[in-house]
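Colleague: If you count by this note's numbering, then the sequence shown holds residues 593 to 1054, one letter each, in order.
Backbone N, C-alpha and C define an ideal beta-carbon position, used for all residues, glycine too.
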Amino acid sequence: MAYNFRNRNLLNTRGAYLGSSGSDSESQDDSDPDFLTPSRTPRRSTQNNTARAGGASSIRNLSGKRSRGNGEERLGVIEEDEVVWYVAAQSGNILGEGKVNREGILCSCCSGQLTVEEFEVHSGRKTRKPYQHIYLAGSQVSLLDCQIEAWEDKEEEETRKFNNIQPASKAVDRYDDACMICADGGDLICCERCPSTFHPRKWKMQIIPQGDWLCPYYHLRCGGEPLDLMNPPVVFCGSSCRKIYEGLHNLLGSQNALHDGLTWTLLQRIDEPFTGSYGEEEYKRIQCNSKIAVAWLVMNECFLSTIDRHTRTNIVQSIVYNRGSNVTRINYSGFYTAILEKNDEIISVASIRVHGKRLAEMPFIGTRGEYRRLGMAYVLENCIESTLCSLKVEKLVIPSVNQLTGMWMDKYFFSRVQEERLVKELSLYNTVMFPSSVVRLYKNLAMLPDLNLSPEEKEGHF
């Protein structure tokens, strides 16, 4: 069919949209690339001595410390100062007793303030599954069951379900109202097979094609069978992509020790039903999902509402939960979340997505207020870069607000995206779109030393 342009400007209702990297506006130290402090602070719960959390990496998150979101606290009710027991798996004997507080667990025998893992060791065990063996004395429910209950809560499920966007009842047609490349409206050309739309100038079209036009994002399986967007298969364009995927998958949920009590972990939401066996993989999956929920709360502290003005989708939340969508522009499947923890508290969070060996994107990185100006984001970014280097990913791309572009370039050795090939790739790979005021920067990871190489292997490696 011949295409008539659709002028979308009159259909657009612009809302608040902030989604670029920045720094703590109160900080005079530009060594920590954290994001702008939001103009609103999370509201405290009106409930007394009761905390709700969506599962977390430590008891402090289950008891509500920094686990607030939009004024509502999460499921998994634990009373302040509620008694917990460490129960031996075989005998059922109580090996340790303590009380929950906002810092972790206060041991009853020595009055020591402990994390969940420390409480297990203090009780004479080292199963590496402390949540499975620590029980609420009153209800005799394990902390692991609290995490599962919180994850399966209906409100929590809403944050991670597939984002199936349907045209409004009064919509002119089924197509997206924003360009896939720049996220703006205007005169758009439409794909015949999917809701995606584009400004012709973004593809440097001299003339408008006649007949059916398919966008670069519309893919078919071999043989021409359309993809099921609700259950997309894991497919690879080559062996390098497979190795990258397998490398990232092998890192999921594993804590990596750093210095000064810091650890970093790579997370991704894993939607597999719980079997109740609580084997090694299932336990890791529960912890991974629980930390994802808390990572979102950290991001929510760091950013103003980042809402797609056309679909009303919460962009940051969808990225953290790696939500898929039938609209390619807001399809955030494939995202990973990297977290930096200190004594089991998540203090810094970054979102990354790898587009084959050519590039990875990191649209968001944020640090909790009290840990800013301490170089925490720098530590986390270095961990991400080292991992990408070991997987042979060539470039890391980030967004930056104008006032921080100099900091990223001078202190972190990023450069402006100007190479025509890279500009085109950013469009083809469906990277996260930002307003035109946001600057795209990149770092050539191929020029960085691979910190995972042995001294012998490093010879001649730049």
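Quick check: the stretch 969-985 against the stretch 867-885, are there 3 or more CB pairs under 8 Å?
Modeller: No contact exists between the stretch 969-985 and the stretch 867-885.
Colleague: Residue 998 lies in the alpha helix (DSSP H); which residues open and close that run?
Modeller: From DSSP, the alpha helix (DSSP H) with residue 998 extends over 997-1004.
Colleague: Could you work out which residue in 1021, 979, 1006 is closest to residue 992 when comparing CA atoms only?
Modeller: Among 1021, 979, 1006, the Cα nearest to that of residue 992 belongs to 1006.
Colleague: Considering only C-alpha positions, which residue in the set 976, 707, 680 is nearest to residue 859?
Modeller: Among 976, 707, 680, the Cα nearest to that of residue 859 belongs to 976.
Colleague: Is there a Cβ from chain B that is less than 8 Å from the Cβ of residue 678?
Modeller: Looking at the structure shown, chain B is missing, and only one protein chain is on hand.
Colleague: Whose C-alpha, out of 715, 940, 680, is nearest the C-alpha of residue 697?
Modeller: Closest option to residue 697, Cα to Cα, is 715.
Colleague: Which class does residue 705 belong to by DSSP, given the choice of helix, strand or coil?
Modeller: Residue 705: strand per DSSP, three-state reduction.
Colleague: Going by DSSP, name the residue or residues bridged to residue 947.
Modeller: Answer is 951.
Colleague: Among all the DSSP beta bridges, which residues are the ones paired with residue 1072?
Modeller: Nothing can be reported for residue 1072: it is not among the residues displayed for the chain, which extend from 593 to 1054.
Colleague: Considering only residues of the same chain and omitting the five flanking positions on each side of residue 865, which have a CB-CB separation below 7 Å?
Modeller: Closer than 7 Å at the Cβ level, and outside the excluded window around residue 865, lies no residue.
Colleague: From the DSSP output, in three-state form, read off residue 890 for me.
Modeller: Of the three classes helix, strand and coil, the one that applies to residue 890 here is helix, per DSSP.
Colleague: Quick check on this structure: which residue in 887, 862, 922, 713 has the alpha carbon closest to the alpha carbon of residue 901?
Modeller: It is 922.
Colleague: Tell me whether residue 972 sits in a helix, a strand or coil according to DSSP, three-state version.
Modeller: Looking at residue 972 - three-state DSSP - the assignment turns out to be helix.
Colleague: Ordered along the chain, which non-local residues of its own chain (more than five positions away) have a Cβ less than 7 Å from that of residue 1034?
Modeller: Hits under 7 Å: 987, 988, 989, 1006, 1007, 1009, 1014.
Colleague: Shortest alpha-carbon distance to residue 953 belongs to which of 889, 932, 1025, 1011?
Modeller: Selected option, being the one with the closest Cα: 1025.
Colleague: By a C-beta neighbour count over all protein chains shown, 10 Å radius and 16 as the cutoff for buried, is residue 842 buried or exposed?
Modeller: Classification of residue 842: exposed, given that the 10 Å Cβ count is below 16.
Colleague: If you compare alpha carbons, which of 742, 709, 926, 967 is closest to residue 838?
Modeller: It is 926.
Colleague: Confirm, please, whether the CB-CB distance from residue 882 to residue 739 is below 8 Å.
Modeller: Result yes, Cβ atoms of residue 739 and residue 882 sit closer than 8 Å.
Colleague: Just to confirm before moving on: does the CB-CB distance between residue 943 and residue 911 stay below 8 Å?
Modeller: Going by C-beta atoms, residue 943 is nearer than 8 Å to residue 911.
Colleague: Drop a sphere of 10 angstroms on the beta-carbon of residue 1036, count the other beta-carbons inside from all chains shown, and report buried for 16 or more, exposed for fewer.
Modeller: Classification of residue 1036: exposed, given that the 10 Å Cβ count is below 16.
Colleague: In this structure, how does DSSP classify residue 1024 when only helix, strand and coil are distinguished?
Modeller: Reduced to three states, the DSSP call for residue 1024 is coil.
Colleague: Determine which residues share a DSSP beta bridge with residue 939 and list them.
Modeller: In DSSP, residue 939 forms no bridge with anything.
Colleague: Mind reading off the beta-carbon distance from residue 748 to residue 855? Whole number of angstroms is fine, and I expect it under 8 Å.
Modeller: Going by Cβ atoms, the distance from residue 748 to residue 855 rounds to 25 Å, so no, they are not a contact pair.
Colleague: Would you kindly report the start and end of the unbroken beta strand (DSSP E) that includes residue 716?
Modeller: No beta strand (DSSP E) contains residue 716, which DSSP labels as neither H nor E.
Colleague: Report the rounded CA-to-CA distance for residue 890 versus residue 709, giving the unit in angstroms.
Modeller: So the alpha carbons of these two residues sit roughly 22 Å apart.
Colleague: How would you call residue 869, buried or exposed, if buried means at least 16 neighbouring beta carbons within 10 angstroms?
Modeller: Looking at its Cβ environment, which holds fewer than 16 other Cβ atoms inside 10 Å, residue 869 is exposed.
Colleague: How about residue 880 and residue 850: are their beta carbons less than 8 Å apart?
Modeller: Result no, Cβ atoms of residue 880 and residue 850 do not sit closer than 8 Å.
Colleague: Let me know the secondary structure DSSP gives residue 839 once reduced to three states.
Modeller: Helix, per DSSP.
Colleague: How would you write the range of the alpha helix (DSSP H) that residue 907 sits in, first residue to last?
Modeller: Run containing residue 907: 907-912, per the alpha helix (DSSP H) assignment.
Colleague: Candidates 919, 972, 980: which alpha carbon is nearest residue 782's?
Modeller: Checking every option, the nearest Cα to that of residue 782 belongs to 919.
Colleague: Does DSSP classify residue 850 as helix, strand or coil?
Modeller: If DSSP states are grouped into helix, strand and coil, residue 850 belongs with coil.
Colleague: Taking 8 Å as the limit between beta carbons, can you name the residues of its chain near residue 679, skipping five residues before and five after?
Modeller: Taken in chain order, the residues that qualify are 685, 686, 687, 725, 726, 727.
Colleague: Go ahead and label residue 917 buried or exposed: buried means 16 or more other beta carbons lie within 10 angstroms of its beta carbon, across all protein chains shown.
Modeller: Per the 10 Å Cβ criterion, buried.
Colleague: In this structure, what does DSSP give as the bridge partners for residue 753?
Modeller: According to DSSP, which records beta bridges pairwise, residue 753 is partnered with nothing at all.
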